[in-house]
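Below you'll find the structure, written out as structure tokens, and then a few comments.
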Amino acid sequence: MMSVFDHIEFDRHEEVVFFHRPECGLKAIVAIHNTHRGPALGGVRMYPYRSDADALQDVLRLSKGMTYKSAISALPLGGGKSVIIGDPRSDKSAELFEAFGACLDTLAGRYIAAEDSGTTVQDLEIIASKTAHISGVGERETEDGAIVDGDPSPATAYGVFMGIQAAVKHRLQCESLSGIKVAVQGAGAVGSRLVQHLTQAGAEITVADIYSERAVAVAEQFNAKVVDCEQVYDEVTDVFSPCALGAVLNEKSIPRIKAKIVAGAANNQLASMADMDMLAQHGVLYVPDFAINAGGVIDIASFRAGLTYEQGMQQVAGIYQTVTRILECADREGATTLAVAQQLAEADLRS
Ligand code: NAD
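In my numbering, the protein residues as written are 1 to 351.
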């Protein structure tokens, strides 16, 4: 029998709640890792997990990552996450999201939901019809009159762009990204916007996606080169930017990575802690995922605080300083970047 408390990823979770509403096919898990800094904020992931155990493992890992993400970014938020077990292409219905909203409402604001892989602003709006404990919905007007919705992906992409600049400055002593070669894995919501920022800054881009037409569309728009998904690790570049899935840094991929820096949006990029040491042994500078991909949650926090869109983006730009602080501290202490980032986040949680 699966034990939740003994689960290797349980690691001091405050609350883990399983919701089942058979009448609409809802099976969901909400994990609240830590509320020391504020309510636990995290996205709603919808994914056709092979087993309940896989869903539990995913939600626990992601939830703890959100605690670190908010702490390292000094946000007044804790860490949590939720997963809906189902295929986002075929299992979505208004009833399912309404039922999920009613379930979230019972948590009385200890967990605040946002978009994540498999859910959209429209899905969140349905959830919001049953609970007020939602973010990532609602619109803001920019200074030049454009309307932006609650989708966190543009802010995440901008934050990753700032983090890449900090890592390039630190490792390659380059102030500019002009001529810097970057391989982007995943041409989705974040990856495609990241490619736009990078090309505007003069970087040379290689892009890969399992849906090759997405990679081709981004490459055509931004004059990038498309590479096969399997070959993206072998590309001779300055930066490898994982913007697709977790666990892509593992014992098989790391020996193949030619880039000097790994810096991307994906959550839980390392398959295991041992992979951090392996990256360091290979001389690859790893920018911890929860520090560099915090742009979306920083933007959400700024929205909740009533800041303007531009003020929110200024806060997202602070990822440059956060990443620099981690990399400098790791050099000083002779520790891995991941160990330093985790220590900084933990120290913040204790304070
Ligand atoms: P997305 O689903 O829009 O894009 C992911 C892309 O990766 C898709 O186009 C998909 O086809 C592609 N992909 C999947 N497997 C691949 C593989 N093996 N090789 C190459 N491409 C592959 O997701 P997104 O919103 O762009 O998020 C990207 C990553 O960043 C995810 O891991 C997500 O959890 C993480 N993240 C996203 C945000 C955000 O604001 N959207 C915030 C923090 C972290």
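Just so it is clear, CB atoms sit at the ideal spot from N, CA and C, and this is done for glycine as well.
- DSSP, read as helix, strand or coil, puts Phe303 in helix.
- Assigned with DSSP and collapsed to three states, Tyr49 falls in coil, not helix or strand.
- When rounded, the separation of the alpha-carbon atoms in Tyr49 and Ala187 is 22 Å.
- The residue among Gly43, Ile32, Ala31 with its C-alpha nearest the C-alpha of Ser135 is Gly43.
- The Cβ atoms of Asp52 and Lys27 sit closer than 9 Å to each other.
- Spanning the alpha carbons of Val195 and Asp331 requires a straight line of approximately 29 Å.
- For Cys329, the distance from the CB to the nearest heavy atom of ligand 1 is not below 8 Å.
- Secondary structure in the region 5 to 92: the beta strand (DSSP E) runs of 3 residues or longer, each lying completely within the stretch, are 15 to 21, 26 to 34, 40 to 47, 78 to 85 in chain order.
- Taking Gln311 as the centre and dropping the five residues before and after it, the same chain places the C-beta of Ser302 closer than 8 Å to its C-beta, in chain order.
- At a cut-off of 4 residues, the continuous stretches assigned as alpha helix (DSSP H) that sit fully inside the region 162 to 246 are 189 to 200, 212 to 222.
- Counting other Cβ atoms within 10 Å of its Cβ, Ile210 stays below 16 and is therefore classed as exposed.
- Beta-bridge partners of Ile147 (DSSP): Glu141.
- Here the alpha carbons of Tyr286 and Ala108 stand approximately 38 Å from one another.
- About 7 Å separates the Cβ atoms of Gly159 and Ile292, confirming a contact at the 8 Å cut-off.
- Excluding residues up to 5 positions away in sequence, nothing lies with its Cβ nearer than 7 Å to the Cβ of Thr106 in the same chain.
- Note on geometry: alpha-carbon atoms of Arg325 and Val190 lie some 24 Å from one another.
- In this structure, Ile127 places its C-beta atom within 9 Å of the C-beta atom of Phe100.
- Taking a C-beta distance under 9 Å as the contact criterion, Ala203 and Leu177 qualify as a contact pair.
- Counting C-beta pairs closer than 8 Å gives three or more between the region 260 to 280 and the region 231 to 251, which meets the contact rule.
- With a cutoff of 9 Å on beta-carbon distance, Leu60 and Arg45 are scored as not near each other.
- Excluding residues up to 5 positions away in sequence, Ala28, Cys103 lie with their Cβ nearer than 6 Å to the Cβ of Phe19 in the same chain.
- The beta carbon of Ser129 sits no closer than 8 Å to any heavy atom of ligand 1.
- Here Cys174 has Val168 as same chain residues with Cβ atoms under 6 Å from its own Cβ, once five neighbours each way along the sequence are excluded.
- Secondary structure note for Ile319: its alpha helix (DSSP H) is the uninterrupted segment 319 to 333.
- Per DSSP, the continuous beta strand (DSSP E) segment holding Glu115 begins and ends at 111 to 115.
- When DSSP reads this structure, Tyr309 sits in no beta bridge, so it has no partner.
- In the three-state reduction of the DSSP assignment, Leu344 falls in the helix class, which pools H, G and I.
- A distance below 7 Å between beta-carbons, with the five flanking residues on each side excluded, links Phe222 to the following residues of its chain, in chain order: Val195, Gln196, Thr199, Ile205.
- In the three-state DSSP reduction, Leu285 falls in the strand class (E or B).
- By the beta-carbon neighbour count (other beta carbons within 10 angstroms, threshold 16), Pro152 is buried.
- Taking all protein chains in view, the Cβ of Ala183 is crowded by 16 or more other Cβ atoms within 10 Å, so the residue is classified as buried.
- The DSSP-derived three-state label of Val248 is coil.
- Residues of the same chain with a CB within less than 7 Å of the CB of Arg193, apart from the 5 flanking positions on each side, are Ser153, Pro154, Ala157 in chain order.
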